[in-house]
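Structure, as structure tokens:
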Amino acid sequence: MNKVAKLEFNSDKNVETLKECFAKYFNLNPERKSDFEDFFKHENSKYQGILKSDNTFSIKANELIFSKNNGIDFFFTTVHGKISEENNKTLVKLEAELSRPIMTILLVSTIIYLIIMYFSFSSGIFGVTIFVGIYFYARRKVKDDFEIFKNEILQILNRY
Numbered sequence: 641m642n643k644v645a646k647l648e649f650n651s652d653k654n655v656e657t658l659k660e661c662f663a664k665y666f667n668l669n670p671e672r673k674s675d676f677e678d679f680f681k682h683e684n685s686k687y688q689g690i691l692k693s694d695n696t697f698s699i700k701a702n703e704l705i706f707s708k709n710n711g712i713d714f715f716f717t718t719v720h721g722k723i724s725e726e727n728n729k730t731l732v733k734l735e736a737e738l739s740r741p742i743m744t745i746l747l748v749s750t751i752i753y754l755i756i757m758y759f760s761f762s763s764g765i766f767g768v769t770i771f772v773g774i775y776f777y778a779r780r781k782v783k784d785d786f787e788i789f790k791n792e793i794l795q796i797l798n799r800y
């Protein structure tokens, strides 16, 4: 339901170089945890994420930076990826999906709409229409954000 866009590409750089590049440009930190304390850390990068030991990573927008600038860009999106080496080629797989706050809103609103539909059918239909509209808007935003991110990552890898 929430996987929206994918990208796979080969790179001539080795895995360690790509990990270093992603850690530097996308502020990937292996010690970062996705908890409440991280929300208030002041980091001056556009993105932040976690780089795990198995060469997987997740990247999201730095909420503090985006709330100061243009809060809507990359708000709906989380990018997950994996760097692997196959046949002397380095393969990078990226997947964009709806962010955790958006998925929570959509899942909780579904329960609320079912309760509304139980008591009042017409209000429930209106609520479901709004829910479907928000879902498709969020998917479109994720695709747009992923296009921007894809161009950004390819530019960074060409420069690195």
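Read left to right, the sequence shown gives residues 641 to 800 (the working numbering). Just so you know, even glycine gets a beta-carbon here, dropped at the ideal spot from N, CA and C.
Of all C-beta pairs linking the segment 740-750 to the segment 655-666, fewer than three are shorter than 8 Å, placing the two stretches out of contact. Around A736, the same chain offers V644, A645, T717, V719, V782, F786 as residues with beta carbons nearer than 6 Å, after the five sequence neighbours per side are excluded. In this structure, L734 keeps its C-beta atom at 8 Å or more from the C-beta atom of A778. Boundaries of the beta strand (DSSP E) harbouring S698: 696-701, taken from the DSSP string.
In this structure, S724 is the residue among S724, S685, K686 with its C-alpha nearest to the C-alpha of K692. Listed as beta-bridge partners of T730 by DSSP are S651, E725. Non-local beta-carbon contacts of N695 in its own chain, meaning distances under 8 Å to residues more than five positions away in sequence, involve V655, K659, K722, I723, S724 in chain order. Bounds of any beta strand (DSSP E) do not take in L668, whose DSSP letter is neither H nor E.
Between S698 and F771, the alpha-carbon positions lie close to 27 Å from each other.
Within the DSSP bridge table, the entry for V719 names I699, A736 as partners.
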